[in-house]
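The sequence shown maps to residues 12 to 192 in this note's numbering.
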Amino acid sequence: MSERPYVIDQMISAKSIAARIEDLSSEIQTEYAGTDKLIVVGLLRGSFVFIADLVRELDLPVEVDFLEASSYGNSMESSREVRIFKDLRGEIEGRDVLVVEDIVDTGHTLTHVLHLLKARNPAKIKTIALLDKPSRREADIAADWIGFAIPDEFVVGYGIDYAQRNRNLPFIGKVRFVEES
Ligand code: 5GP
Ligand code: MG
Ligand code: MG
Numbered sequence: 012m013s014e015r016p017y018v019i020d021q022m023i024s025a026k027s028i029a030a031r032i033e034d035l036s037s038e039i040q041t042e043y044a045g046t047d048k049l050i051v052v053g054l055l056r057g058s059f060v061f062i063a064d065l066v067r068e069l070d071l072p073v074e075v076d077f078l079e080a081s082s083y084g085n086s087m088e089s090s091r092e093v094r095i096f097k098d099l100r101g102e103i104e105g106r107d108v109l110v111v112e113d114i115v116d117t118g119h120t121l122t123h124v125l126h127l128l129k130a131r132n133p134a135k136i137k138t139i140a141l142l143d144k145p146s147r148r149e150a151d152i153a154a155d156w157i158g159f160a161i162p163d164e165f166v167v168g169y170g171i172d173y174a175q176r177n178r179n180l181p182f183i184g185k186v187r188f189v190e191e192s
């Protein structure tokens, strides 16, 4: 838990998120029209709210699975290691895989996860991220679909945490530390 007092300033409203997901889901719907082998893979834990809203907008046969990966080590280093804490439950060989991420920041997590999943021979693999921080990129990677590009701010809400809290906020907000008075 954080000891430092902070407030959360809203950055993207629940309404804007819902509208953006409607647009994204119609693009995804077009991309996967006619397939019966789509499997949507959420990267835990930050994507759990996004994936729930996204799949409910898809009028397609769809399976859902989850993977938990975490980058760790010295955050000041440009090449961090990524560890898998929870692997997929099912096989993805020959499937159309859509990886759902909360935020692409340096890009190391998504790069590593894609490398891992591609080795399992899916028919097709694509990526969607709710948020993108292009100014922070270190790995040469871009998601196929992006909800919102944002500046280099620490954000929370809509599944995304600060010290495991704030995932339940319905909007995306930025954390602002305040001085104790
Ligand atoms: P990357 O490997 O792209 O640097 O890391 C991406 C992951 O870092 C995201 O999936 C997310 O878990 C975490 N992350 C990046 N930016 C933020 C942020 O602003 N807030 C929170 N809570 N996590 C972030
Ligand atoms: Mg994440
Ligand atoms: Mg996190």
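A virtual CB, placed ideally from N, CA and C, is assigned to each residue, including glycine.
Since this is a predicted model, take the numbers as computed values, not measurements.
Residue range of the beta strand (DSSP E) that residue i falls in?
{"i": "residue 115", "result": "107-115"}
{"i": "residue 135", "result": "135-143"}
{"i": "residue 92", "result": "92-97"}
Assuming residue i is part of the alpha helix (DSSP H), what are its boundary residues?
{"i": "residue 59", "result": "59-67"}
{"i": "residue 32", "result": "25-42"}
Can you tell me which residues form a DSSP beta bridge with residue i?
{"i": "residue 20", "result": "185"}
{"i": "residue 11", "result": "Not covered by the structure: residue 11. The range shown for the chain is 12 to 192."}
{"i": "residue 79", "result": "55 and 97"}
{"i": "residue 173", "result": "176"}
{"i": "residue 50", "result": "74 and 108"}
{"i": "residue 168", "result": "171"}
Under 8 Å between the Cβ atoms of residue i and residue j?
{"i": "residue 149", "j": "residue 117", "result": "yes"}
{"i": "residue 124", "j": "residue 50", "result": "no"}
{"i": "residue 142", "j": "residue 161", "result": "yes"}
{"i": "residue 80", "j": "residue 59", "result": "no"}
{"i": "residue 20", "j": "residue 187", "result": "yes"}
{"i": "residue 54", "j": "residue 110", "result": "yes"}
{"i": "residue 129", "j": "residue 155", "result": "no"}
I think residue i touches residue j, with their Cβ atoms under 8 Å apart; what is that distance to the nearest whole Å?
{"i": "residue 71", "j": "residue 40", "result": "6 Å"}
{"i": "residue 157", "j": "residue 168", "result": "Actually they do not touch by this definition, with Cβ atoms about 18 Å apart."}
{"i": "residue 113", "j": "residue 140", "result": "7 Å"}
{"i": "residue 22", "j": "residue 185", "result": "5 Å"}
{"i": "residue 189", "j": "residue 17", "result": "6 Å"}
Find the nearest neighbour of residue i within the set the options, judged by alpha-carbon distance.
{"i": "residue 77", "options": "163, 91, 173 and 62", "result": "62"}
{"i": "residue 52", "options": "29, 27 and 103", "result": "103"}
{"i": "residue 177", "options": "47, 159, 56 and 101", "result": "56"}
{"i": "residue 47", "options": "190, 134, 145 and 154", "result": "134"}
{"i": "residue 151", "options": "159, 126 and 36", "result": "126"}
{"i": "residue 101", "options": "45, 30 and 74", "result": "74"}
{"i": "residue 170", "options": "25, 15 and 14", "result": "25"}
{"i": "residue 33", "options": "14, 67 and 153", "result": "67"}
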